[in-house]
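Residue numbers (our numbering), protein chains in the order written: chain U, 8 to 258; chain G, 373 to 713.
All C-beta atoms, glycine included, are put in the ideal place defined by N, C-alpha and C.
To start, the structure itself, in structure tokens.
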């Protein structure tokens, strides 16, 4: 059993919207340098969990700890300064800026007190790592979907994260593009970044994840390797057991 | 090199402004008095518009700039009336009090966006106007306002001057002060355009939540924008009070100031340093031309010009010109490539 302490630890996390518990008594830990997937049917509370982790939502109950420090009451930018990066599912490049300038936002503000030269170096490094060097001077609004996804990851990488949250970055990509994106995520992990990602595309989860957390109705359902969770009867039931779910069962 | 690229045009523009009164006097003679007054109004509009634009770069469309302007005017008027200090001290004091006020209104409206922010800032202006109207009359003059001493009192010398030159020298003094404030505002604007503030402001304007995830501190940046945006406007209000010789609540906190502050950058080109300045120059010229030709009906003509410009120049004068120029450049590059192929 891996007894390595968690770099990101969630304990009894809950978020209520009126009478609805979007996330309920959720606990899990993510170990350093692992790729950790969060899956579940639509409405399982995955994106709400990511929003709670990154500070876009404040939890109703529970705690979130990053590198041993409580972060659940901190604003987003302070979490970023502590080493928590995030890429969004719907890419929103900043207009009137080139790709390079977009990435520089993360580099200039992700690390407090960084000087401009160092920030520019980190931004260039993120651009290089995500394969955007040829488009660096292009207007960020003129990119293809795959390039936009790369920009989203590049901006997050430029904040120098130790833990990177990825929200369905494969959504809308063609199979060939998804393979490139999977390789990119692996490359990022190989540089020492811990990855937490939400994904609907099951082959991607199978190829990428060291461990998988399955959520259903805002609650913890199962956790383990991809093979373990996909063999779990309650996971299969969560995906296939209800007529109103249109999700494919994990295979 | 970048710094030099910015400072050279500013230095040239400052020199032009410095010599402009003499040029006007040399070429227009007695008429230079009214020309100088007209140009001073244009420069004042440019300061107001460019200052407003600095705050707009964070996505906050303020209707509070008349409040900063009026506060600057009242601060210098009250100081001149009650304190035995040199008159000019009221100008930076007006700017500083405007900044303090801006930080206050900025802090209160941090969570408001769009129309809610606009309404809150408009309400703030109206409340402040009412406060100054209802302050004890011996202190702030009440509804009738306060007379303000002029900053410049040229002395007539029959041996060397003509009568009209007294008015000219008085106007020249105010013009040069306005010009100095405009240069300060341009430097503040360029500081935000050429530093990391540009990225922070644009990111906040585009999506505040994403900006915060990138590590930008939205509240700090918005308050900084408020401070930068209000300083020169407060000083402008103070100088204007000395120029016109009085402050009254209706005039100092007027709706016209609120409207001009936002219409001018939209007309000239938002989120640029040049746009609000060009817009101010054009609007001041158009207003004067219409006044001379349409008398009291000039406001109708002015409104038509603004509506047409917003309909046909949605990016403003500078934005439209830049877009046209960049299309032309890419077309000529395509032609060159075809020629060499």
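TODO: Just confirm the distance between the C-beta atoms of residue 216 of chain U and residue 51 of chain U, as a whole number of angstroms; I'd bet it's less than 8 Å.
DONE: Stepping through the first chain from its first residue, residue 216 of chain U is reached at position 209. Stepping through the first chain from its first residue, residue 51 of chain U is reached at position 44. Their Cβ separation, rounded to whole angstroms, is 16 Å, which puts residue 216 of chain U and residue 51 of chain U out of contact at 8 Å.
Open item on the list: For a quick check, are the C-beta atoms of residue 422 of chain G and residue 561 of chain G less than 7 Å apart?
Closed with: What you label residue 422 of chain G is simply residue 50 of the second chain in a count that begins at 1. What you label residue 561 of chain G is simply residue 189 of the second chain in a count that begins at 1. Yes, the pair counts as a contact, with Cβ atoms nearer than the cut-off.
- [ ] Could you list which residues in chain U have their beta carbon closer than 8 Å to that of residue 705 of chain G, in chain order?
- [x] Locating residue 705 of chain G in the second chain gives position 333, counting from the first residue. Identification of chain U residues near residue 705 of chain G by a Cβ-Cβ cut-off of 8 Å yields none; the smallest Cβ-Cβ distance measures about 15 Å.
- [ ] Could you say if the segment 593-608 of chain G and the segment 418-435 of chain G meet the contact criterion of at least three C-beta pairs nearer than 8 Å?
- [x] Yes, the segment 593-608 of chain G touches the segment 418-435 of chain G.
Task: Cβ-Cβ distance between residue 438 of chain G and residue 497 of chain G below 7 Å - done: Here residue 438 of chain G is taken as the residue at index 66 of the second chain, counted from 1. Here residue 497 of chain G is taken as the residue at index 125 of the second chain, counted from 1. Yes. Within cutoff.
Task: 7 Å Cβ shell around residue 675 of chain G - same chain, five flanking residues per side excluded - done: As a first step, residue 675 of chain G is located in the second chain; it is residue number 303 there, counting from the start. Non-local C-beta neighbours of residue 675 of chain G in its own chain, meaning closer than 7 Å and more than five positions away in sequence, are absent.
Open item on the list: Are the CB atoms of residue 202 of chain U and residue 196 of chain U within a distance shorter than 7 Å?
Closed with: Translated into positions along the first chain, residue 196 of chain U becomes position 189. Translated into positions along the first chain, residue 202 of chain U becomes position 195. Contact flag set, yes.
TODO: Tell me whether residue 152 of chain U is buried or exposed, calling it buried when 16 or more other Cβ atoms sit within 10 Å of its Cβ.
DONE: On the first chain, residue 152 of chain U is found 145 positions in, with the first residue counted as 1. Flag for residue 152 of chain U reads exposed.
TODO: Tell me, to the nearest whole angstrom, how far the beta carbon of residue 683 of chain G is from that of residue 692 of chain G; I am working on the premise that it is less than 8 Å.
DONE: Against the second chain, residue 683 of chain G aligns to sequence position 311. Against the second chain, residue 692 of chain G aligns to sequence position 320. In this structure residue 683 of chain G does not touch residue 692 of chain G by the C-beta definition: roughly 12 Å separates them, more than the 8 Å allowed.
TODO: Could you spell out where the beta strand (DSSP E) holding residue 684 of chain G opens and where it closes?
DONE: Within the second chain, residue 684 of chain G is the residue found at index 312, counting from 1. Element bounds for residue 684 of chain G: not the beta strand (DSSP E) but the alpha helix (DSSP H), 670-684.
TODO: Evaluate residue 701 of chain G with the Cβ neighbour count: other Cβ atoms within 10 Å of its Cβ, from every protein chain shown; 16 or more gives buried, anything less gives exposed.
DONE: Within the second chain, residue 701 of chain G is the residue found at index 329, counting from 1. When all chains shown are included, residue 701 of chain G counts as exposed.
Task: residue 413 of chain G: contacting residues in chain U (beta-carbon distance under 9 Å) - done: In the second chain, the residue the question calls residue 413 of chain G occupies position 41. In chain order: nothing, as chain U lies at least about 31 Å away.
TODO: In angstroms with no decimal places, state the Cα-to-Cα distance between residue 542 of chain G and residue 127 of chain U.
DONE: On the second chain, position 170 is the one that residue 542 of chain G refers to. On the first chain, position 120 is the one that residue 127 of chain U refers to. In a straight line, the C-alpha of residue 542 of chain G is about 50 Å away from that of residue 127 of chain U.
- [ ] Name the one or two DSSP bridge partners that residue 223 of chain U has.
- [x] Counted from its first residue, the first chain places residue 223 of chain U at position 216. Residue 223 of chain U pairs with U/226.
TODO: For residue 593 of chain G, decide whether its Cβ has a neighbour in chain U, counting only Cβ atoms nearer than 7 Å.
DONE: Indexing the second chain from 1 puts residue 593 of chain G at position 221. Contact with chain U is absent for residue 593 of chain G, since none of that chain's Cβ atoms lies less than 7 Å from the residue's Cβ.
Open item on the list: Please report the straight-line C-alpha distance between residue 74 of chain U and residue 703 of chain G, rounded to a whole angstrom.
Closed with: Position 67 of the first chain, counted from the start, is the residue given in the question as residue 74 of chain U. Position 331 of the second chain, counted from the start, is the residue given in the question as residue 703 of chain G. If you take the alpha carbons of residue 74 of chain U and residue 703 of chain G, they lie about 54 Å apart.
Open item on the list: Quick check on the burial criterion: 16 or more other C-beta atoms within 10 angstroms. Buried or exposed for residue 154 of chain U?
Closed with: Looking up residue 154 of chain U in the first chain gives position 147. Buried: at least 16 other Cβ atoms inside 10 Å.
TODO: Assign residue 58 of chain U to buried or exposed, taking buried as 16 or more other Cβ atoms, counted over all protein chains shown, within 10 Å of its Cβ.
DONE: Here residue 58 of chain U refers to the residue found at position 51 of the first chain. Counting the other Cβ atoms within 10 Å of the Cβ of residue 58 of chain U gives 16 or more, which makes it buried.
Open item on the list: Check this for me: beta carbons of residue 436 of chain G and residue 619 of chain G, under 7 Å apart or not?
Closed with: Your numbering for residue 436 of chain G matches position 64 in the second chain. Your numbering for residue 619 of chain G matches position 247 in the second chain. Note that the C-beta distance between residue 436 of chain G and residue 619 of chain G is not below 7 Å.
TODO: Below 8 Å CB to CB, which residues in the same chain sit around residue 650 of chain G once its five sequence neighbours on both sides are set aside?
DONE: Within the second chain, numbered from 1, the residue matching residue 650 of chain G stands at position 278. These residues qualify, in order along the chain: 640, 641, 689, 690.
Task: Rounded straight-line distance, which links the Cα of residue 25 of chain U to that of residue 94 of chain U - done: Counting from one through the first chain, the residue named residue 94 of chain U turns up at place 87. Counting from one through the first chain, the residue named residue 25 of chain U turns up at place 18. In a straight line, the C-alpha of residue 94 of chain U is about 28 Å away from that of residue 25 of chain U.
Open item on the list: Would residue 654 of chain G pass as an interface residue toward chain U - the criterion being a Cβ-Cβ separation below 7 Å?
Closed with: Walking along the second chain from the start, residue 654 of chain G turns up at place 282. Answer no: the Cβ-Cβ gap between residue 654 of chain G and chain U never drops below 7 Å.
- [ ] For the segment 539-557 of chain G and the segment 470-483 of chain G, state whether three or more C-beta atom pairs, one from each stretch, are separated by less than 8 Å.
- [x] Verdict: no, contact absent.
Task: C-alpha distance - residue 253 of chain U paired with residue 231 of chain U, whole-angstrom precision - done: The sequence position of residue 253 of chain U within the first chain is 246, counting from 1. The sequence position of residue 231 of chain U within the first chain is 224, counting from 1. Since pLDDT at residue 253 of chain U reaches only 47, below the 50 mark, its modelled position is unreliable, and the value read off the structure follows with that caveat. The straight-line gap from Cα to Cα measures roughly 24 Å.
Open item on the list: Let me see if you follow: with CB-CB separation under 7 Å, is residue 61 of chain U close to chain G or not?
Closed with: On the first chain, residue 61 of chain U is found 54 positions in, with the first residue counted as 1. True, the Cβ-Cβ gap to chain G drops below 7 Å.
Open item on the list: What does the alpha-carbon distance come out to for the pair residue 654 of chain G and residue 634 of chain G?
Closed with: Your numbering for residue 654 of chain G matches position 282 in the second chain. Your numbering for residue 634 of chain G matches position 262 in the second chain. Rounded to the nearest angstrom, the two C-alpha atoms are 15 Å apart.
Task: Option in U/214, U/123, U/223 with minimal Cα separation from residue 566 of chain G - done: By 1-based counting over the second chain, the position of residue 566 of chain G is 194. Of U/214, U/123, U/223, the residue nearest in Cα terms is U/123.
Task: Same chain only: Cβ atoms within 8 Å of residue 33 of chain U, ignoring 5 sequence neighbours per side - done: Position 26 of the first chain holds residue 33 of chain U. If you ignore the 5 residues before and after residue 33 of chain U, its C-beta comes within less than 8 Å of the C-beta of 17, 19, 20, 21, 52, 56, 69, 222, 225, 226, 227, all in its own chain and listed in chain order.
Open item on the list: Run through chain U and tell me which residues come within less than 7 Å of residue 579 of chain G, C-beta to C-beta.
Closed with: Here residue 579 of chain G refers to the residue found at position 207 when the second chain is read from its first residue. Within chain U, 99 have C-beta atoms less than 7 Å from the C-beta of residue 579 of chain G, given in sequence order.
Open item on the list: Within 10 Å of its beta-carbon, does residue 680 of chain G have 16 or more other beta-carbons around it, so buried, or fewer, so exposed?
Closed with: As a working mapping, residue 680 of chain G is identified with position 308 in the second chain. Burial call: exposed.
Task: Buried/exposed call for residue 65 of chain U, threshold 16 Cβ in 10 Å - done: Along the first chain, one-based indexing puts residue 65 of chain U at 58. Residue 65 of chain U should be labelled exposed.
Open item on the list: Does residue 625 of chain G pass the burial test, meaning 16 or more other C-beta atoms within 10 Å, or should it be called exposed?
Closed with: By one-based count along the second chain, residue 625 of chain G stands at place 253. When all chains shown are included, residue 625 of chain G counts as buried.
TODO: Spatial neighbours of residue 416 of chain G within its chain, please: CB distance less than 7 Å, with the 5 preceding and 5 following residues excluded, ordered by chain position.
DONE: Within the second chain, residue 416 of chain G is the residue found at index 44, counting from 1. 550, 608, 612.
- [ ] Confirm, please, whether the CB-CB distance from residue 107 of chain U to residue 137 of chain U is below 7 Å.
- [x] Numbered from 1 along the first chain, position 130 holds the residue referred to as residue 137 of chain U. Numbered from 1 along the first chain, position 100 holds the residue referred to as residue 107 of chain U. Note that the C-beta distance between residue 137 of chain U and residue 107 of chain U is not below 7 Å.
Task: Whole-angstrom distance between residue 395 of chain G and residue 336 of chain G, CA atom to CA atom - done: There is simply no residue 336 of chain G to check, as chain G begins at 373 and stops at 713 in what is shown.
- [ ] Would you kindly work out how many angstroms separate the C-alpha atoms of residue 485 of chain G and residue 526 of chain G, rounded to a whole number?
- [x] Here residue 485 of chain G refers to the residue found at position 113 of the second chain. Here residue 526 of chain G refers to the residue found at position 154 of the second chain. Cα to Cα, the separation comes out at about 49 Å.
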